[in-house]
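Peer 1: Here the sequence shown is numbered in this note's numbering, starting from 2 and rising by one per residue. Here you go, one structure.
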Amino acid sequence: QTGDANWETCHVTFDHGGNVPYIEGQSIGIIAPGPDKKGEQPARIRLYSIASSAVGDDQTSKTVSLCVKRVVEVGGQFANREVGEDKPDKAGTHFPDDKVYRGVCSNHICDIGPGDDVLITGPTGAEMLLPEDPEANIIMLATGTGIAPMRSYMRLLFHDDAGANADGTRKFKGLAWLFMGVPFSKSLLYDDEHTEYKNKYPEQFRFDYAVSREDKNAAGQKMYIQTKMAEYTEELWTLMQDQKTHIYMCGLKGMEAGMAECFGEIAEKNGLVWADVSKQMKKDHRYHVEVY
């Protein structure tokens with residue numbers, strides 16, 4: 002727990018029986034029973050980035066996993082529970098003395114249990130797919146549950162049998178570098194997996210965390226993703242000049258502005274404008290963005 006009302010994030014695995022084949026970087030839709038904000042039953046589809054690789058966490062190709070933050074807002078502008086109406090959720094959290102808004106789909110997912118049915122649509126999405134070149138470099142930028150597609154990539158690249166050659170070596174030959182931003186160190190997701198990949202493949206996997214409410218840089222600024230990346234500006238810029246390097250960004254909407262903040266100066270030093278650089282990378286299908 003972090004002290005925030007919406008402290009909880011769940012990793013949830015669904016058995017789709019092989020009926021929802023997907024690939025890394027795609028999303029699925031979840032339809033909660035509702036009612037939603039507009040009173041619709043069932044609720045409207047809510048899309049979630051898939052957090053498992055194509056074969057699933059159990060490598061049977063019959064499961065799909067999501068990383069879902071339980072949305073809980075206390076005393077805000079909008080509420081779907083009046084004072085006294087908020088009941089304990091599966092984690093035991095409740096706020097009976099306040100007006101509360103609970104995200105319909107996220108609370109549905111976080112509260113379901115083993116054996117419960119869930120309505121899934123999809124898969125969908127082509128923006129965040131991995132390049133086919135095994136020698137590509139993958140720079141991953143994630144805030145919070147935006148780690149989901151990055152986890153799907155890393156499972157394939159460094160964990161699954163599907164990503165291994167017959168002799169046990171990995172098919173992936175490039176560099177994968179993850180930057181993850183969270184408010185609290187307690188909010189870090191899948192840290193055990195990142196540590197394992199780093200230990201096993203130190204030449205091919207790097208990860209850096211930006212913990213905004215706990216860490217600061219040398220100038221005393223809060224440690225956001227762009228603040229952490231600024232420590233490696235030259236190295237990252239050089240990597241981006243390689244046509245085999247892809248950037249993947251998933252999380253909060255402000256992330257793209259952070260990229261301009263981080264690389265604007267070095268682009269200018271090289272006689273370029275960052276907006277043009279990122280535009281060209283998008284045109285070359287090397288700059289992939291999924292923000293919400």
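Yeah, the Cβ is synthetic: ideal placement off N, Cα and C, and Gly gets one too.
Compare the Cα-Cα distances from Ala177 to each of Val72, Tyr249 and Asn7 and report the closest residue.
Peer 2: The candidate whose alpha carbon is nearest that of Ala177 is Tyr249.
Peer 1: Using the beta-carbon count (16 or more within 10 Å), is Ala276 buried or exposed?
Peer 2: Ala276 is exposed by the Cβ-count criterion.
Peer 1: Mapping DSSP to helix, strand and coil, what is Val101?
Peer 2: In the structure shown, Val101 sits in a strand (DSSP, three-state: E or B).
Peer 1: Among the candidates Thr228, Asp134, Gln205 and Phe206, whose CA atom is the shortest distance from the CA of Asp216?
Peer 2: Closest by alpha carbon: Thr228.
Peer 1: Rounding to the nearest angstrom, what Cα-Cα distance links Gly182 and Gly255 in this structure?
Peer 2: Going from the Cα of Gly182 to the Cα of Gly255 covers about 12 Å.
Peer 1: Taking contact to mean 3 or more Cβ pairs, one atom from each stretch, closer than 8 Å, check whether the region 152-161 and the region 194-205 are in contact.
Peer 2: Yes: the two stretches touch, three or more of their Cβ pairs being nearer than 8 Å.
Peer 1: Three or more C-beta pairs closer than 8 Å, one from the region 122-133 and one from the region 22-33: is that the case here?
Peer 2: The region 122-133, when compared against the region 22-33, does touch it at the 8 Å Cβ threshold.
Peer 1: Over the uninterrupted alpha helix (DSSP H) stretch that includes Asn200, give me the two end residues.
Peer 2: Unbroken alpha helix (DSSP H) run through Asn200: Asp192 to Lys201.
Peer 1: Find the nearest neighbour of Thr122 within the set Pro203, Glu41 and Tyr23, judged by alpha-carbon distance.
Peer 2: For Thr122, the nearest C-alpha among the options comes from Tyr23.
Peer 1: Below 6 Å CB to CB, which residues in the same chain sit around Pro184 once its five sequence neighbours on both sides are set aside?
Peer 2: If we look at Pro184 and ignore the five residues flanking it on each side, its Cβ neighbours are Ser213 and Arg214.
Peer 1: Determine the DSSP secondary structure at Gly272, reduced to helix, strand or coil.
Peer 2: It is coil, neither helix nor strand.
Peer 1: In three-state DSSP terms, what is Phe15?
Peer 2: Looking at Phe15 - three-state DSSP - the assignment turns out to be strand.
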